[in-house]
Each structure stands twice: as C-alpha cells, then as structure tokens.
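Peer 1: The structure under discussion is supplied below as structure tokens; questions concerning it will follow.
Protein chains: 2
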Amino acid sequence: MKLARFRINGWESYGLVEGAEVRAIQGDIFREYSISEATYPLDRVKLLPPTQAASFWAVGLNYAAHVAHQEGALDAERIRREAGVFRPWQKGVNCIIGHTDPIVLPPEADYVHYEGELVIVIGRPARRVTPDEARHFILGYTCANDVSGEGSWSKDLTNWRRKGSDTFGPVGPWIETEVDPHRLDIITRLNGKEHDRGSTSGMTHDCYAIVSGISQFVTLRSGDLILTGAPGAVEALHPGDVVEVEIPGIGTLSNPVEAEKNEAS
Amino acid sequence: MKLARFRINGWESYGLVEGAEVRAIQGDIFREYSISEATYPLDRVKLLPPTQAASFWAVGLNYAAHVAHQEGALDAERIRREAGVFRPWQKGVNCIIGHTDPIVLPPEADYVHYEGELVIVIGRPARRVTPDEARHFILGYTCANDVSGEGSWSKDLTNWRRKGSDTFGPVGPWIETEVDPHRLDIITRLNGKEHDRGSTSGMTHDCYAIVSGISQFVTLRSGDLILTGAPGAVEALHPGDVVEVEIPGIGTLSNPVEAEKNEAS
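Below, the structure is given as structure tokens:
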C-alpha cells in the first residue's frame with residue numbers, strides 16, 4: 000500500500016496511490032481512517048512530505064561502500080574512526096521538503112552533494128523496543144535525499160548547516176507499507192543519468208537495529224522520519240540540475256536544484 | 000508580560016500570568032489573540048512547556064566561565080579548540096518537558112548534570128535577519144535546564160543521548176516578553192541550595208547574534224526555542240533531587256529527578 004500526503008485546490012489530505020491516481024483518505028493514518036470515493040489524477044495534485052514529522056533523524060556512515068568513498072573525499076582518519084559507531088543525530092524538520100520542491104543552494108556553499116537514502120517512517124510511539132519488536136512500530140518506508148554541503152563552514156563542529164540548511168531534506172514521494180527494507184536497490188540519478196546504485200542489504204545497522212537503538216533513549220513518535228545512510232558514492236549538485244532518488248518497489252523522489260535568490264536583487 | 004501555556008481539567012490554553020493567577024487567552028499568541036475574563040489560581044493549573052516548538056536548538060560553550068569549568072571535567076584540548084566557535088545544534092523536541100515534570104535518569108547514565116540556561120522564544124518566522132533585526136523576531140525569554148549525561152556512551156560522536164534523551168530538556172515556567180536578555184542572572188539550585196550564579200552579560204554570542212546566525216541557513220519558526228548556553232559550573236543530579244533554574248525577572252523552573260522505572264519490574 001502506498002500512502003501519500005497531497006494538496007489539491009488548497010486542501011490537504013492523505014491518500015492511497017493507485018496507479019496514476021490518488022484516492023483520498025478520511026481520518027488519521029496513524030489511528031483510524033477510511034478510504035473515500037474521491038480520486039484525483041496524481042499529476043494534478045502536489046505531493047507533500049509524506050508525514051508532518053516531529054523529529055527528523057539521520058544515521059551517518061551506515062554503509063561500508065559509502066565510508067570508503069568518504070575516506071577519499073574527507074578526513075580519512077576521522078571517517079575510519081567514526082565508521083561503525085551507531086550515531087544518530089537530528090537533521091531537523093526545518094529542512095524537510097517534498098517531491099518536486101526545489102533544493103536551494105545557499106551562496107555560502109562551495110560544494111553541495113546528494114545522498115540517496117531509504118527512510119524509515121515510524122507508525123506508533125516506540126520506546127525501549129527490541130530489534131525484533133521494531134518492525135511493529137514502523138509504518139513503512141520512503142526515499143530521501145540527505146543533501147550535504149561544504150563551504151565557508153568547513154570548521155563547523157555540528158551538521159547544523161552542512162546537512163540541516165533549509166531544503167536539504169527532500170523526502171517522498173510517498174510511504175510504501177509492504178516492502179522488505181533490507182532487499183532494496185537505491186538508485187541516484189543526476190539529470191537522468193544513473194550515478195550510483197546500492198543495496199540496502201549493505202547497511203551496518205539495519206532498520207530494526209536503528210529504531211531499537213534510538214528508542215532506548217528517545218520516544219519515537221508516529222510520523223517521525225529516520226534517514227538510514229547513503230550506500231555509495233555522491234555527486235555535486237548545481238543550479239539547473241534535477242536529482243532523483245529511486246527505490247524500486249517504493250517510488251522516485253525528484254527535485255530540481257536552484258541557487259538561492261538574493262531578496263535584495 | 001508573562002505568557003504561560005497551561006492545562007486545567009483536560010483543557011489546554013495560553014494565559015497571562017498575573018501574580019498568583021493565570022488569565023486565559025483566546026486565539027493564537029503568535030498571530031491574533033484576546034484576553035479573556037477567565038482566571039485560575041496558578042497553583043491549580045499544570046504549566047506546560049511554554050510553546051509547542053517545531054525545533055529545539057542549543058548553542059554550546061557560549062560562556063568563558065563554563066568553558067573553563069568544562070576544561071577541568073572533560074577533554075581540555077577539545078574544549079579549548081571548540082570554545083568560541085558558533086555551533087548551534089538541534090537538541091530535539093522529544094526531550095522537552097515542562098515545569099514540575101520529572102527529569103528521568105536512564106540506567107545507562109553514570110553521571111547526569113544540570114545546566115541552567117536562558118532560552119530564546121521565536122515570535123515569527125526569521126530567515127536571513129541581521130543581529131539588529133533579530134529582536135523583532137523574538138517573542139520573549141524563558142528558563143531551561145540543558146540536562147546532560149555521561150555514561151556507557153562516552154564514545155558517542157553526537158549529543159543524541161548525552162543531551163537529547165527523553166526528559167533532558169525542561170523548559171519554563173513561562174515566557175517573559177519584556178526583559179533585557181543580556182542583563183539577567185541565572186541561578187541554579189539543587190535541593191534548595193544555590194550552586195551556581197552567572198550573568199547573561201557573559202555570553203560569547205549574544206541572543207541577537209544567535210538568532211541572526213541560525214537564520215542565515217535555517218528558517219526559525221514561531222515557537223522555536225533556542226538554549227543559549229550554561230554560564231558556569233554544573234553539578235550532578237540524583238534520584239530524589241529537585242533542581243531549580245531561576246532567572247530573576249522571568250521566573251523559576253523546578254523539576255524533580257527520578258530514576259527510570261523498568262517496566263518489567
């Protein structure tokens with residue numbers, strides 16, 4: 000089942016994606032809901048970020064192939080030291096955008112790259128759950144782009160603007176509830192050309208370990224989103240680009256890239 | 000003006016604190032509202048965290064006196080390297096609790112301490128504002144306890160559980176809108192005994208610089224909360240303690256401390 004959040008004529012709703020249409024849902028997808036008779040063509044609605052997350056988590060360096068890539072690009076000693084450590088952090092809900100919304104590059108950024116990732120969508124409050132129990136607290140999965148930038152802030156001690164600047168968190172297009180999260184391909188494309196293909200089977204900490212791990216100290220809430228790490232190589236983004244993250248079995252998240260407009264100009 | 004969020008008989012509202020009473024507010028304190036006729040004794044309402052923040056930010060090592068203290072307690076070389084760097088990060092809304100709510104110590108924590116701090120409350124969306132403009136985007140100020148723990152997680156690479164575990168973010172008791180944020184004392188008390196007293200005049204990055212700085216990359220929203228750093232020394236918390244953060248001119252935030260109950264026991 001594919002659950003989308005969408006807007007049409009100024010009205011927002013959840014819906015069930017059925018082929019090229021979306022059927023509106025009445026009620027709360029995290030509690031009780033019913034499927035309505037009203038359908039809309041997908042190409043006539045605006046897809047919104049699939050939840051209104053209270054928290055937007057990420058887990059860094061969760062694939063050996065990505066670690067190897069980052070050793071070449073960044074401080075190799077630091078990357079090796081940090082690889083394998085379970086290190087969730089809060090990317091911040093401020094940066095979440097939806098399918099087709101533009102990724103906006105701030106002028107201070109010298110180099111911004113994409114990271115195509117699988118996202119866990121929490122379905123009900125989870126606290127101190129085991130990895131075996133974790134699957135029952137997950138509603139489904141979607142795609143994200145963990146946009147990351149380097150710039151004048153290379154000496155920063157946190158990811159607050161490197162990975163948390165506004166628009167650096169595209170999520171969507173919708174939630175797939177029936178999928179094995181550890182047997183998925185993640186394909187990233189820039190301007191239609193495939194640049195990277197990885198498999199979620201390569202995760203260091205799998206989805207159930209991640210949910211269990213965070214929940215030992217933090218109550219995860221319905222709708223919370225967790226990025227699970229980039230599987231491989233990354234590529235720079237430039238204004239005018241279109242970047243796609245496709246996870247076959249879920250869908251394709253596509254976002255154009257723009258330079259930030261100076262309001263004074 | 001003191002703005003509180005409170006609950007009485009299962010009903011939640013904002014209110015105006017007038018002496019020992021709170022007068023209910025109708026409407027949205029960030030847009031349009033009116034003052035009602037209904038008043039309640041403060042000691043009969045439950046004070047809630049003063050906003051429903053979308054983002055809960057913190058700025059680390061923002062006072063020289065606190066840096067000196069931390070050099071003694073933690074990795075001195077790292078602390079000296081990091082002092083002075085503007086480094087906001089997201090503590091996470093999951094950990095926010097209100098006045099009188101218990102701080103719950105997880106069994107994995109060996110040592111948990113308080114950090115009494117001034118909190119900035121954002122009043123309207125702020126993006127790319129200058130320090131001079133920043134005051135117009137701030138609704139007011141409140142008190143917080145930036146609870147921080149050391150434990151089996153001392154090798155962690157982020158603050159996710161050290162400072163972001165559930166209940167590690169007490170905020171309140173209410174918002175004071177008419178106060179000079181850079182001429183305030185911050186007093187922390189443990190079981191009634193004063194342990195630390197600092198002044199917000201010692202901030203490295205003042206409140207307007209903080210709001211301006213974050214807003215260069217992030218849209219701050221109405222109700223967002225920003226911790227501005229601990230001014231001095233800190234002290235360990237133990238089950239049974241009561242910890243107070245008083246900022247004269249604003250109010251006193253008080254929280255009991257408990258050990259986490261094992262649900263199985």
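Protein sequence lines, in the order shown, are assigned to chains A and B.
Each residue of the first sequence is one higher than the one before, starting from 0 at the first, in numbering that gives the first Met the number 0.
Each residue of the second sequence is one higher than the one before, starting from 0 at the first, in numbering that gives the first Met the number 0.
Heads up, the beta-carbon is just placed ideally off N, CA and C, and yes, glycines get one too.
As the structure is a prediction and not an experimental result, all values here were calculated from the model.
#1: Exposed or buried, what is residue 153 of chain A when buried is set at 16 or more other beta-carbons lying within 10 Å of its beta-carbon?
#2: Taking C-beta to C-beta, are residue 214 of chain B and residue 122 of chain B nearer than 9 Å?
#3: Would you identify the three-state DSSP class for residue 109 of chain B, choosing helix, strand or coil?
#4: I need the boundaries of the beta strand (DSSP E) containing residue 320 of chain A, first residue and last residue.
#5: With a threshold of 9 Å between beta-carbons, can residue 138 of chain B be considered close to chain A, or not?
#6: Pick helix, strand or coil for residue 131 of chain A, following the three-state DSSP scheme.
#7: With a threshold of 7 Å on Cβ separation, who are the neighbours of residue 189 of chain A within its own chain once the five nearest residues in sequence on each side are excluded?
#8: Tell me the DSSP secondary structure of residue 264 of chain A in three-state form.
#9: Where do the N-terminal and C-terminal ends of the beta strand (DSSP E) with residue 20 of chain B fall, by residue?
#10: Buried or exposed: residue 163 of chain B, going by 16 or more other Cβ atoms within 10 Å of its Cβ?
#11: If contacts are defined as beta-carbon pairs under 8 Å, then residue 106 of chain A and residue 259 of chain A qualify, I think. What distance do you get, rounded to the angstrom?
#12: Quick check on residue 33 of chain B: does DSSP put it in helix, strand or coil?
#13: What are the partner residues of residue 136 of chain A, as DSSP defines its beta bridges?
#14: Between the stretch 129-162 of chain B and chain A, which residues of the former have CB atoms less than 9 Å from a CB of the latter, in chain order?
#15: Beta-carbon separation of residue 187 of chain B and residue 63 of chain B under 9 Å?
#16: Closest Cβ-Cβ distance between residue 216 of chain B and chain A: below 9 Å?
#17: Would you mind sorting residue 90 of chain A into buried or exposed? The rule is 16 or more other CB atoms within 10 Å of its CB.
#18: Using a cut-off of 9 Å between C-beta atoms, extract the partners of residue 165 of chain A located in chain B.
#19: Who are residue 184 of chain B's beta bridge partners in DSSP?
#20: Determine the extent of the alpha helix (DSSP H) in which residue 214 of chain B is found, giving its start and end residues.
#21: For the beta strand (DSSP E) that residue 57 of chain A lies in, which residues bound it at each end?
#22: Residues of chain A with CB closer than 8 Å to the CB of residue 86 of chain B, please, in chain order.
#23: Is there contact between the stretch 36-56 of chain A and the stretch 170-179 of chain A, where contact requires at least three CB pairs shorter than 8 Å?
#24: Can you list the residues of chain B that residue 81 of chain A reaches, using a CB-CB cut of under 8 Å?
#25: Is there at least one Cβ from chain B nearer than 9 Å to residue 260 of chain A's Cβ?
#26: Counting along the chain, where does the alpha helix (DSSP H) carrying residue 69 of chain B start and finish?
#27: Excluding sequence positions up to five away, which residues of its chain have a Cβ less than 6 Å from the Cβ of residue 167 of chain A?
#28: Would you say residue 213 of chain A reaches chain B, if we count a Cβ-Cβ gap shorter than 9 Å as a contact?
#29: Which chain A residues are close to residue 92 of chain B, counting only those with a beta carbon under 8 Å from its beta carbon?
#30: Does the CB of residue 105 of chain A have a neighbour CB from chain B at under 9 Å?
#31: Residue 125 of chain B to residue 55 of chain B, Cα distance in whole Å?
#32: Applying a beta-carbon distance threshold of less than 8 Å, which residues of chain D neighbour residue 69 of chain B?
#33: At 8 Å on the CB atoms, spell out the chain A contacts of residue 25 of chain B, in chain order.
#34: What does DSSP give as the partner residues of residue 97 of chain A in its beta bridges?
#35: Of the choices B/30, B/79, B/61, B/1, whose alpha-carbon is the least far from that of residue 209 of chain B?
#36: Between residue 59 of chain B and chain A, is there a C-beta pair that is closer than 9 Å?
Peer 2: If we stick to the structure as given:
#1: Counting the other Cβ atoms within 10 Å of the Cβ of residue 153 of chain A gives fewer than 16, which makes it exposed.
#2: no
#3: strand
#4: No information on residue 320 of chain A is available, as it lies outside the stretch 0 to 264 that chain A covers here.
#5: no
#6: helix
#7: Closer than 7 Å at the Cβ level, and outside the excluded window around residue 189 of chain A, lie 234, 240, 242.
#8: Confidence at residue 264 of chain A is low in this model, with a pLDDT of 43, below 50, so the placement of that residue is unreliable and no value is reported for it.
#9: 20-26
#10: buried
#11: Yes, residue 106 of chain A and residue 259 of chain A are in contact; Cβ-Cβ is about 6 Å, under 8 Å.
#12: strand
#13: In DSSP, residue 136 of chain A forms no bridge with anything.
#14: 152, 154, 155, 156, 157, 158, 159, 160
#15: no
#16: yes
#17: buried
#18: 126, 216, 217, 218
#19: B/198
#20: 206-214
#21: 55-58
#22: 155, 156, 157, 159
#23: With a cut-off of 8 Å, the stretch 170-179 of chain A and the stretch 36-56 of chain A count as touching, because enough Cβ pairs lie within range.
#24: 156
#25: Output row for residue 260 of chain A: interface = no.
#26: 63-72
#27: 94, 146
#28: yes
#29: 53, 54
#30: Closer than 9 Å: yes.
#31: 15 Å
#32: Here chain D cannot be found, since the structure's protein chains are A and B.
#33: Result: empty, since nearest Cβ-Cβ is about 25 Å, beyond 8 Å.
#34: DSSP, once it has assigned bridges, lists no residue as partnering residue 97 of chain A.
#35: B/61
#36: yes
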